[in-house]
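Undergrad: Taking full-length UniProt numbering, I'd label the letters of the sequence shown as residues 1 to 339.
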Amino acid sequence: MKSKNISAVHSNNFDFIRIIAALAVLYSHHFALTAQMEPSFFGLHSLGGAAVLVFFVVSGYLVTASWYNDPNIFRFAWRRALRIWPALTLVVACTAFILGPIVTSLPLQDYFTHRATYDYFHILRMNIVFVLPGVFENNPYPLGVNGSLWTIPLEVRCYIVLAALGLFGLLKNKYIFLGSIVAYMIWFTLKSSADIYQKIHYAREFSAFFLAGAGLFALKEHWQKKPRVVLALCIIIATILWSIGWRYMAAWVFVPYAIIFFGTSNTRIINQFGRWGDPSYGIYLIAYPIQQTVIKYLWPSWGFWETMAISALITVCLAYLSWNYIEKWFLKFKPKRKK
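1) Return the residue from the list Glu-155, Met-126, Ser-105 and Val-57 that minimises the CA-CA distance to Gly-213.
2) Ile-326: which of Phe-188, Ala-24, Trp-85 and Pro-39 sits nearest, CA to CA?
3) Once DSSP output is grouped into helix, strand and coil, what is the label at Phe-273?
4) Check each candidate in Phe-16, Lys-332, Arg-228 and Ser-322 and name the one with the smallest Cα separation from Thr-89.
5) List the DSSP bridge partners of Phe-14.
6) On the premise that Val-92 lies in contact with Tyr-120, defined as a C-beta separation below 8 Å, what is that separation, rounded to the nearest angstrom?
7) Of all the options Arg-204, Leu-178 and Phe-177, which has the alpha carbon lying nearest to the alpha carbon of Leu-190?
8) Rounded to whole angstroms, what is the Cα-Cα separation between Ser-7 and Val-294?
9) Kindly list the residues whose CB is nearer than 6 Å to the CB of Pro-335, restricted to its own chain and excluding five residues on each side of it in sequence; keep chain order.
10) Helix or strand or just coil, what does DSSP make of His-45?
11) Where does Ile-200 sit, in a helix, a strand or coil, going by DSSP?
12) Might you give, ordered along the chain, the residues of its own chain that have their beta carbon closer than 7 Å to the beta carbon of Val-103, omitting 5 neighbours on each side?
13) Might you give, ordered along the chain, the residues of its own chain that have their beta carbon closer than 7 Å to the beta carbon of Phe-16, omitting 5 neighbours on each side?
14) For my contact list, Leu-33 and Ala-312 are in at a C-beta cut-off of 8 Å; report their separation, rounded to the angstrom.
15) In chain order, what residues of the same chain have a beta carbon less than 7 Å from the beta carbon of Phe-112, not counting five sequence neighbours either side?
16) In three-state DSSP terms, what is Met-308?
17) Secondary structure at Met-1, three-state DSSP: helix, strand or coil?
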């Protein structure tokens, strides 16, 4: 597949999708963080859970596009590392060494000599740690410092799987690649489907949605000929699956295509959401500790909507700073494709 087939920056709706998904995660988390009952999203996931599925679909599509554009394992890995670790490192360090000392209930000497303060950096090894000593221990949702980060290792795992498929040549032939996706979905359905086992296996489900996005990129030359017809077929199949009780499989059939169909569209105004940068990753990384901090000092004197609005405003501002002064700067070091 030639690079000219890959969607150009600001000629699609992907920035809009990512920003809305990141804000949906913030909104969803605010229920748990204020000890409120959250309504489910079509009886399947929380709104935040559904938003994470959207992230995995978009990531699967765009990261696969990156591989086909430049199928070099080292440049691929370096690009992914530059996207994941700089902002994550900044957030982890600021949380442990700036926010933590401000909000901890421990004396500062105890905080800085506590082993758990430094164990928090295990996050950078994709070993997620949820607590810092004395931090947010009296919040309605106690001790949770950043409950969003647990999906990052799952995302990285998907990158590794995709790179392995490429390394072994399984991406060269799109039909072999699609056969691999079908094989995974059969295994996933038989071993982990929530429709059968009544329990969500998040790592495997997120991987299924990532692979759906990847498969849609591999098939783009086909479905883009009649995208609305394919959308109608997805709706029909998903409706049938939903009607017979296979609701999660119905979501897998409909959601990825609907997201990519809309994402690859070029809608006026919506396609300008990335004009000032892409704050979605920053929003996702930063929101949770900001929400916990706002809740710590303002809840319950200030209600659900007020604390959420303040959290969102602070988060979005910090996320744009992260994009413009950290993420975008590091992305300058992305390796260029060798001709």
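Glycine included, every Cβ here is placed at the ideal spot set by N, Cα and C.
TA: Taking the geometry as given:
1) Val-57
2) Trp-85
3) coil
4) Ser-322
5) None, per the DSSP bridge assignment.
6) 7 Å
7) Arg-204
8) Since pLDDT at Ser-7 reaches only 42, below the 50 mark, its modelled position is unreliable, and no value is offered.
9) Arg-75 and Trp-78
10) strand
11) coil
12) Val-135, Phe-136, Thr-293 and Lys-296
13) Ile-270 and Phe-273
14) The pair is not a contact, with the Cβ atoms about 13 Å apart (cut-off 8 Å).
15) none
16) helix
17) With a pLDDT of 42 at Met-1, under the threshold of 50, the predicted position of this residue should be treated as unreliable, and no value is reported.
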